[in-house]
Amino acid sequence: MSTPPDSAVAVVGAGPAGLMAAERLAQAGLRVEVFDAMPSVGRKFLLAGKGGMNLTHSEPFERFVGRYGARRAAIEPMLRRFDADALRRWAAGLGIATFVGSSGRVFPTDMKAAPLLRAWLQRLRALGVVFHMRHRWVGWADEAAAPGSGALPPPLLFETPQGRSTVQARAVVLALGGASWPRLGSDGAWVPLLAQRGVDVAPLQPANCGFDVGRIGPDGTVQEGWSEFLRSRFAGTPLKTVVLRFEDGARRFEQRGEFVLTESGVEGSLVYAASSVLREALHQQGRAVPTLDLLPDRDAAFVAAEVARPRGARSLSTHLKSRLNLDGAKAALLHELLPKALFAPGADPAPLAAAIKALPLPLIRPRPIAEAISSAGGVRFEALEERSKALRALPGVWCAGEMLDWEAPTGGYLLTACFASGCAAAEGVIHALQPAS
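Last residue of the sequence shown: 437 (the UniProt record's numbering), numbering continuous.
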């Protein structure tokens with residue numbers, strides 16, 4: 001099967017970035033056909049919204065764009081054209097009202113992704129967008145041709161239930177996601193397909209991810225993972241109201257929040273927020289040791305005084321619970337990560353008090369990318385044409401969403417940038433195909 005070369009723009013990937021690109025292209029009067037490997041659209045979008053669809057964040061723009069770290073300069077122009085307010089207006093146009101939660105995050109009033117996606121698909125179909133599901137992109141149909149040769153992008157090659165299909169489009173928008181949650185379609189299989197055509201792709205890495213820990217074993221060596229006691233008693237337990245700090249040269253992080261103990265380490269919102277700096281430290285130095293303030297509402301002098309207070313016949317555990325309300329998972333972490341000598345009768349209380357305010361948490365590796373909320377790396381912005389933003393190595397091909405080399409914390413920043421990059425890719429196509437518009 002082959003699509004006539006003058007008929008349509010092909011959007012490959014039916015996640016938020018691809019669907020937004022399709023919408024903008026169709027609104028500009030272009031014929032659009034969307035291809036996706038999955039049986040239905042927006043699978044990761046729907047799963048991400050299962051616990052409450054966090055669309056964007058309400059914080060001021062300058063703070064918002066600061067969340068994109070080293071790639072702020074590349075993402076900011078996209079967000080200036082489609083920011084958090086624009087996203088809320090867009091949702092309202094679909095009949096989806098939104099509200100700002102206590103954390104500043106923005107949600108649909110019903111907290112669900114499905115109604116928004118249904119309304120969006122109705123709009124897209126009304127605009128004439130055609131969907132081809134179970135179409136897995138597997139490369140180009142002209143492998144012998146020179147990269148970027150000819151006036152049209154290389155013909156796309158798909159695996160379908162009916163066999164292989166070749167599509168020659170006027171322009172192509174690739175919105176294939178990163179490599180997190182591969183069972184929902186984001187498997188990173190596109191990386192070698194672009195690299196073979198000379199596209200500069202940064203290695204995909206886990207972002208917004210958990211980490212495995214190392215601990216000091218009975219013999220004094222660092223052992224991987226938690227002890228059987230902590231794993232069996234506290235895996236899955238949240239640690240609330242803590243501060244995680246990390247400083248390593250130019251990398252600094254400090255934030256209050258909560259996280260969860262896992263079978264092998266830690267994960268959760270506070271850990272995700274620090275994941276980029278922790279991952280880079282592990283990559284460059286092979287180690288990352290943030291500290292945990294287990295009692296951020298108490299200053300160090302108060303904690304030191306309470307730990308040193310005479311406890312009579314009470315055990316140290318009972319003493320810490322009664323004087324500092326320190327028990328459960330927090331107390332277990334102290335025993336897990338500190339030398340046993342600190343808990344011995346007659347031990348100097350000062351090191352234990354200091355650890356309660358700055359408990360070292362040795363991390364040895366990020367969890368696999370398939371478990372991550374999102375991924376870092378992807379098509380470098382330097383691989384895009386400066387003005388059109390098409391791929392330098394593949395004229396007529398644009399990229400959008402998590403395929404591009406950026407990352408952001410959870411809280412609505414990921415989704416907003418995916419929408420914005422879909423708009424940007426569509427604008428590039430429109431200007432290329434309709435230069436007078």
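Beta carbons: idealized from backbone N, C-alpha and C, even for Gly.
Beta-bridge partners assigned by DSSP to Gln-255: Leu-244. Exclusion of the five residues before and after Val-397 leaves Pro-153, Val-172, Leu-174, Ala-390 and Leu-391 as the residues of its chain whose Cβ lies within less than 7 Å of its Cβ. Unbroken beta strand (DSSP E) runs of no fewer than 3 residues, entirely contained in the UniProt domain "RsdA/BaiN/AoA(So)-like insert" (226-374), are found at 238-248, 251-261, 265-267, 291-293 and 363-366, following chain order.
One alpha carbon belongs to Leu-278, the other to Pro-238, and they sit about 20 Å apart.
Assigned with DSSP and collapsed to three states, Phe-64 falls in helix. Looking at the backbone, the Cα of Met-53 and that of Gly-42 are separated by about 13 Å.
The C-alpha of Pro-395 lies about 28 Å from the C-alpha of Gly-163. Between Arg-67 and Ala-408, the C-beta gap is smaller than 8 Å, which places the two residues in contact.
Nearest neighbour of Ala-10 by Cα position, chosen from Pro-206, Ser-103 and Leu-157, turns out to be Leu-157. DSSP places Phe-45 inside the alpha helix (DSSP H), whose first and last residues are 43-48. In this structure the segment 16-33 does not lie against the segment 71-79, because fewer than three pairs of beta carbons, one per stretch, are closer than 8 Å.
Where Cys-399 is concerned, the enclosing beta strand (DSSP E) starts and stops at 397-399. The alpha helix (DSSP H) runs of length 4 or more contained entirely in the segment 164-225 are, from start to end of the chain, 190-195. Closest in alpha carbon position to Ala-250, among Gly-428, Thr-416 and Gln-284, is Gln-284. Annotation: Ala-235 to Met-111 spans about 28 Å, alpha carbon to alpha carbon. Remark: C-beta atoms of Val-243 and Asp-293 approach each other more closely than 8 Å.
Going by DSSP, Glu-407 is part of no beta strand (DSSP E) at all; its letter is neither H nor E. The DSSP-derived three-state label of Leu-391 is strand. The beta-carbon separation of Ser-375 and Pro-206, rounded to 6 Å, stays under the 8 Å limit for a contact.
Your pair Gly-15 and Lys-44 checks out as a contact, with CB atoms roughly 6 Å apart and the cut at 8 Å. In the structure shown, the three-state DSSP call for Thr-416 is helix.
Here Phe-82 carries a coil assignment [DSSP, helix/strand/coil]. In the three-state reduction of the DSSP assignment, Arg-105 falls in the strand class. Note on geometry: alpha-carbon atoms of Glu-427 and Leu-338 lie some 56 Å from one another. As the crow flies, the alpha-carbon of Asp-297 is around 15 Å from that of Ala-305.
Of all alpha-carbon atoms in Glu-59, Leu-316 and Ala-92, the one lying nearest the alpha-carbon of Gly-101 is that of Glu-59.
For the options Leu-194, Ala-84, Ser-317 and Val-213, the alpha carbon positioned closest to that of Arg-367 is the one of Val-213.
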